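See below for the structure under consideration.
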Amino acid sequence: MINPVNYTGPRRQRYVANARSRKAQHPGQIYDSSIRRWIQEPPRVTVVLLTCKLAHAEAEEVLYGCNTFSFQTNTRLTKFLTSFDGPTNLIRTLKVDDYIIATAQPFWQALIPLVNLRKVSMGHYGFCRNRGRTQGPTSSLLVRQMTPLLKVLKCSYSKQGLTINPADVLEIFNTECESCSCGCGKLDRKEYCNCKYDEQRSVPKQQELFEAHRASLRDAVADMKP
1 MINPVNYTGP RRQRYVANAR SRKAQHPGQI YDSSIRRWIQ EPPRVTVVLL TCKLAHAEAE
61 EVLYGCNTFS FQTNTRLTKF LTSFDGPTNL IRTLKVDDYI IATAQPFWQA LIPLVNLRKV
121 SMGHYGFCRN RGRTQGPTSS LLVRQMTPLL KVLKCSYSKQ GLTINPADVL EIFNTECESC
181 SCGCGKLDRK EYCNCKYDEQ RSVPKQQELF EAHRASLRDA VADMKP
(Lines of atoms letter the chains of each structure in order from A and count residues from 1; the text may use other names and numbers.)
(Lines give C-alpha, C1' and ligand atoms only; values in the text may rest on other atoms or scores of the structure.)
Protein backbone atom coordinates (compact mmCIF):
# COMPACT_ATOMS: atom_id res chain seq x y z
CA MET A 1 0.00 0.00 0.00
CA ILE A 2 1.33 3.46 -0.97
CA ASN A 3 0.53 6.05 1.67
CA PRO A 4 0.61 9.84 1.01
CA VAL A 5 3.11 11.67 3.18
CA ASN A 6 3.60 15.23 2.00
CA TYR A 7 1.98 16.91 -0.98
CA THR A 8 4.37 19.89 -0.95
CA GLY A 9 7.71 18.13 -0.61
CA PRO A 10 9.86 16.63 -3.34
CA ARG A 11 8.12 13.98 -5.45
CA ARG A 12 10.23 11.16 -4.12
CA GLN A 13 9.18 12.07 -0.57
CA ARG A 14 5.46 12.43 -1.20
CA TYR A 15 4.69 8.72 -0.79
CA VAL A 16 6.05 5.87 1.25
CA ALA A 17 5.38 2.16 1.01
CA ASN A 18 4.41 0.86 4.44
CA ALA A 19 4.10 -2.87 3.90
CA ARG A 20 4.38 -3.92 7.54
CA SER A 21 1.37 -2.04 8.90
CA ARG A 22 -0.84 -2.95 5.95
CA LYS A 23 0.01 -6.66 5.73
CA ALA A 24 -2.93 -7.69 7.93
CA GLN A 25 -5.30 -6.18 5.37
CA HIS A 26 -3.83 -8.28 2.57
CA PRO A 27 -3.94 -11.92 3.66
CA GLY A 28 -2.28 -14.25 1.21
CA GLN A 29 -0.49 -11.40 -0.56
CA ILE A 30 2.99 -9.93 -0.59
CA TYR A 31 4.12 -6.42 -1.45
CA ASP A 32 6.10 -6.08 -4.69
CA SER A 33 8.25 -2.98 -4.28
CA SER A 34 9.21 -2.99 -7.96
CA ILE A 35 5.64 -2.23 -9.04
CA ARG A 36 4.51 -0.87 -5.68
CA ARG A 37 1.53 -3.20 -5.46
CA TRP A 38 0.25 -6.09 -3.43
CA ILE A 39 0.30 -9.30 -5.43
CA GLN A 40 -0.82 -12.85 -4.74
CA GLU A 41 1.75 -14.79 -2.74
CA PRO A 42 3.15 -17.68 -4.78
CA PRO A 43 2.31 -21.17 -3.42
CA ARG A 44 4.80 -22.72 -1.08
CA VAL A 45 5.70 -26.08 -2.53
CA THR A 46 6.82 -27.54 0.79
CA VAL A 47 3.48 -26.75 2.41
CA VAL A 48 1.57 -28.33 -0.47
CA LEU A 49 3.69 -31.47 -0.26
CA LEU A 50 3.24 -31.75 3.48
CA THR A 51 -0.51 -31.33 3.12
CA CYS A 52 -0.67 -34.01 0.43
CA LYS A 53 1.42 -36.39 2.51
CA LEU A 54 -0.80 -35.82 5.54
CA ALA A 55 -3.98 -36.48 3.54
CA HIS A 56 -2.41 -39.57 1.97
CA ALA A 57 -1.30 -40.91 5.35
CA GLU A 58 -4.76 -40.41 6.83
CA ALA A 59 -6.36 -42.16 3.85
CA GLU A 60 -3.96 -45.09 4.14
CA GLU A 61 -4.69 -45.49 7.83
CA VAL A 62 -8.41 -45.73 7.13
CA LEU A 63 -7.97 -48.01 4.11
CA TYR A 64 -5.71 -50.55 5.78
CA GLY A 65 -6.98 -50.25 9.34
CA CYS A 66 -10.74 -50.36 8.76
CA ASN A 67 -10.98 -53.14 6.18
CA THR A 68 -10.66 -56.91 6.35
CA PHE A 69 -8.14 -58.46 3.98
CA SER A 70 -9.50 -61.87 2.92
CA PHE A 71 -7.55 -64.68 1.26
CA GLN A 72 -8.39 -68.21 0.28
CA THR A 73 -5.28 -69.71 1.88
CA ASN A 74 -2.51 -68.63 4.21
CA THR A 75 -0.06 -69.37 1.39
CA ARG A 76 -1.58 -66.66 -0.78
CA LEU A 77 -1.62 -64.24 2.11
CA THR A 78 2.09 -64.88 2.69
CA LYS A 79 2.87 -64.11 -0.95
CA PHE A 80 0.87 -60.89 -0.69
CA LEU A 81 2.64 -59.68 2.44
CA THR A 82 6.12 -60.52 1.16
CA SER A 83 5.61 -58.83 -2.22
CA PHE A 84 3.40 -55.87 -1.28
CA ASP A 85 5.27 -52.56 -1.09
CA GLY A 86 2.91 -50.73 1.19
CA PRO A 87 2.21 -49.89 4.85
CA THR A 88 1.34 -53.41 5.97
CA ASN A 89 1.95 -52.29 9.55
CA LEU A 90 -1.44 -50.54 9.38
CA ILE A 91 -3.36 -53.76 8.66
CA ARG A 92 -5.54 -54.83 11.57
CA THR A 93 -7.85 -57.59 10.36
CA LEU A 94 -7.14 -60.66 8.22
CA LYS A 95 -9.30 -63.57 7.16
CA VAL A 96 -8.10 -66.89 5.75
CA ASP A 97 -10.51 -69.59 4.63
CA ASP A 98 -8.11 -72.54 4.41
CA TYR A 99 -5.14 -72.95 6.75
CA ILE A 100 -2.42 -75.03 5.10
CA ILE A 101 -0.16 -76.50 7.75
CA ALA A 102 2.70 -77.15 5.30
CA THR A 103 3.18 -73.39 4.76
CA ALA A 104 2.32 -72.30 8.30
CA GLN A 105 5.85 -71.39 9.43
CA PRO A 106 6.56 -68.75 6.73
CA PHE A 107 3.00 -67.52 7.15
CA TRP A 108 3.40 -66.64 10.82
CA GLN A 109 6.81 -65.12 10.07
CA ALA A 110 5.24 -62.88 7.42
CA LEU A 111 2.81 -61.49 10.01
CA ILE A 112 5.54 -60.17 12.32
CA PRO A 113 5.74 -56.69 10.65
CA LEU A 114 1.99 -56.23 11.27
CA VAL A 115 2.44 -54.55 14.65
CA ASN A 116 -1.14 -53.26 14.71
CA LEU A 117 -2.74 -56.61 13.96
CA ARG A 118 -5.89 -57.26 15.97
CA LYS A 119 -7.55 -60.30 14.43
CA VAL A 120 -6.62 -63.25 12.21
CA SER A 121 -9.73 -65.28 11.46
CA MET A 122 -9.25 -68.76 9.99
CA GLY A 123 -11.55 -71.58 9.01
CA HIS A 124 -11.76 -74.63 11.27
CA TYR A 125 -10.98 -77.26 8.67
CA GLY A 126 -7.26 -76.48 8.47
CA PHE A 127 -7.00 -76.84 12.27
CA CYS A 128 -9.18 -79.93 12.60
CA ARG A 129 -7.60 -82.75 14.60
CA ASN A 130 -10.21 -85.30 13.53
CA ARG A 131 -9.50 -85.42 9.84
CA GLY A 132 -8.91 -88.79 8.30
CA ARG A 133 -5.70 -87.81 6.54
CA THR A 134 -3.50 -84.82 7.43
CA GLN A 135 -4.40 -83.53 10.88
CA GLY A 136 -4.33 -79.93 11.95
CA PRO A 137 -1.61 -78.49 14.20
CA THR A 138 -1.33 -79.35 17.86
CA SER A 139 -1.52 -76.57 20.41
CA SER A 140 2.20 -76.90 21.17
CA LEU A 141 3.11 -76.56 17.49
CA LEU A 142 0.83 -73.55 17.10
CA VAL A 143 2.39 -71.87 20.13
CA ARG A 144 5.91 -72.49 18.83
CA GLN A 145 5.12 -71.02 15.41
CA MET A 146 3.20 -68.02 16.75
CA THR A 147 5.57 -67.05 19.59
CA PRO A 148 7.65 -64.50 17.58
CA LEU A 149 4.46 -62.75 16.45
CA LEU A 150 2.96 -62.81 19.94
CA LYS A 151 6.09 -61.18 21.40
CA VAL A 152 5.95 -58.37 18.84
CA LEU A 153 2.24 -57.79 19.43
CA LYS A 154 2.66 -57.81 23.20
CA CYS A 155 5.32 -55.09 22.96
CA SER A 156 3.25 -53.08 20.46
CA TYR A 157 0.07 -53.26 22.54
CA SER A 158 1.99 -52.24 25.65
CA LYS A 159 3.44 -49.15 23.96
CA GLN A 160 -0.03 -48.17 22.74
CA GLY A 161 -1.53 -48.61 26.19
CA LEU A 162 -3.84 -51.41 25.04
CA THR A 163 -5.08 -54.12 27.38
CA ILE A 164 -5.66 -56.64 24.58
CA ASN A 165 -4.22 -60.10 25.06
CA PRO A 166 -2.06 -60.93 22.01
CA ALA A 167 -3.22 -64.55 22.24
CA ASP A 168 -6.70 -63.43 21.21
CA VAL A 169 -5.41 -62.34 17.81
CA LEU A 170 -6.21 -65.83 16.49
CA GLU A 171 -9.85 -66.65 15.85
CA ILE A 172 -11.03 -69.96 14.38
CA PHE A 173 -14.48 -69.66 12.85
CA ASN A 174 -16.86 -72.56 12.29
CA THR A 175 -16.89 -74.12 8.84
CA GLU A 176 -18.70 -76.94 7.13
CA CYS A 177 -15.99 -79.54 7.53
CA GLU A 178 -15.85 -82.26 4.92
CA SER A 179 -17.86 -84.79 6.83
CA CYS A 180 -16.36 -87.83 5.15
CA SER A 181 -12.88 -86.88 6.40
CA CYS A 182 -13.66 -84.96 9.59
CA GLY A 183 -15.15 -86.48 12.71
CA CYS A 184 -15.81 -83.30 14.71
CA GLY A 185 -19.02 -83.91 16.62
CA LYS A 186 -20.00 -87.01 14.67
CA LEU A 187 -20.76 -90.28 16.41
CA ASP A 188 -19.98 -92.32 13.34
CA ARG A 189 -18.09 -91.02 10.32
CA LYS A 190 -19.65 -93.57 8.02
CA GLU A 191 -23.07 -92.23 8.91
CA TYR A 192 -22.03 -88.90 7.40
CA CYS A 193 -20.01 -90.12 4.44
CA ASN A 194 -22.45 -88.27 2.16
CA CYS A 195 -20.84 -85.08 3.51
CA LYS A 196 -23.85 -83.71 5.32
CA TYR A 197 -23.03 -81.03 7.89
CA ASP A 198 -24.55 -81.38 11.33
CA GLU A 199 -24.29 -77.95 12.94
CA GLN A 200 -25.60 -78.98 16.35
CA ARG A 201 -22.92 -81.63 16.72
CA SER A 202 -20.03 -80.02 14.88
CA VAL A 203 -20.03 -76.45 16.15
CA PRO A 204 -19.48 -77.29 19.86
CA LYS A 205 -16.61 -79.62 18.95
CA GLN A 206 -15.04 -77.02 16.71
CA GLN A 207 -15.24 -74.43 19.47
CA GLU A 208 -13.69 -76.85 21.96
CA LEU A 209 -10.65 -77.13 19.71
CA PHE A 210 -10.48 -73.34 19.37
CA GLU A 211 -10.66 -72.81 23.13
CA ALA A 212 -7.91 -75.38 23.67
CA HIS A 213 -5.61 -73.55 21.27
CA ARG A 214 -6.48 -70.18 22.79
CA ALA A 215 -5.77 -71.40 26.32
CA SER A 216 -2.32 -72.61 25.26
CA LEU A 217 -1.56 -69.32 23.53
CA ARG A 218 -2.62 -67.33 26.59
CA ASP A 219 -0.39 -69.44 28.82
CA ALA A 220 2.52 -68.78 26.45
CA VAL A 221 1.90 -65.03 26.55
CA ALA A 222 1.66 -65.07 30.35
CA ASP A 223 5.06 -66.79 30.55
CA MET A 224 6.76 -64.22 28.32
CA LYS A 225 9.21 -61.93 30.05
CA PRO A 226 8.40 -58.17 29.95
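Taking UniProt numbering, the leading residue of the sequence shown gets 1, the next gets one more, and so forth.
Glycine residues also receive a C-beta, built at the ideal position from the N, C-alpha and C atoms.
These figures come from a predicted structure and were not determined experimentally.
Taking only the alpha-carbon atoms, compute the straight-line gap between residue i and residue j and give it to the nearest angstrom.
| i | j | result |
| --- | --- | --- |
| Ala167 | Gln72 | 23 Å |
| Glu176 | Met224 | 35 Å |
| His124 | Asn174 | 6 Å |
| Arg129 | Val62 | 38 Å |
| Pro42 | Glu60 | 30 Å |
| Thr147 | Arg214 | 13 Å |
| Gly126 | Ala220 | 22 Å |
| Leu162 | Val152 | 14 Å |
| Ser156 | Arg118 | 11 Å |
| Thr82 | Lys95 | 17 Å |
| Phe80 | Phe69 | 10 Å |
| Glu208 | Lys159 | 33 Å |
| Ser34 | Gln40 | 14 Å |
| Asp85 | Arg76 | 16 Å |
Counting C-beta neighbours from all protein chains within 10 Å, is the total for residue i 16 or more, i.e. buried, or is it exposed?
| i | result |
| --- | --- |
| Ile91 | buried |
| Lys205 | buried |
| Ala102 | exposed |
| Ile172 | buried |
| Ser202 | buried |
For residue i, which residues of its own chain have a beta-carbon under 7 Å away from its beta-carbon, when the five flanking residues on both sides are left out?
| i | result |
| --- | --- |
| Tyr64 | Pro87, Leu90 and Ile91 |
| Arg218 | Asn165 and Ala167 |
| Gln29 | Trp38, Ile39, Gln40 and Glu41 |
| Ala110 | Thr78, Leu81 and Thr82 |
| Tyr99 | Asn74, Met122, Gly123, Gly126 and Phe127 |
| Lys154 | Pro166, Val221 and Met224 |
Which same chain residues end up closer than 6 Å to residue i when comparing Cβ atoms and leaving out the 5 residues on each side of it in sequence?
| i | result |
| --- | --- |
| Leu170 | Val120 |
| Pro106 | Thr78 |
| Leu150 | Pro166 and Val221 |
| Asp97 | Gln72 and Gly123 |
| Trp108 | Gln145, Met146 and Leu149 |
| Ile164 | Tyr157 |
| Pro27 | none |
What does a CB cutoff of less than 8 Å around residue i pick up in its chain, not counting 5 residues either side in sequence?
| i | result |
| --- | --- |
| Glu211 | none |
| Asn67 | Thr93 |
| Ser216 | Ser139, Ser140, Leu142 and Val143 |
| Thr134 | Ile101 |
So does residue i have its beta carbon nearer than 6 Å to some heavy atom of the ligand FMN?
| i | result |
| --- | --- |
| Tyr64 | The model on display carries no ligand, and the ligand FMN is accordingly not part of it. |
Does any residue of chain B have a CB that is nearer than 7 Å to the CB of residue i?
| i | result |
| --- | --- |
| Lys225 | Any reference to chain B falls outside this structure, which holds one protein chain only. |
* Is there contact here, the segment 110-117 with the segment 135-144, by at least three beta-carbon pairs under 8 Å? -> no
* Tell me the start and end of each unbroken alpha helix (DSSP H) in the segment 77-145 that is at least 4 residues and wholly inside, in chain order. => 104-110
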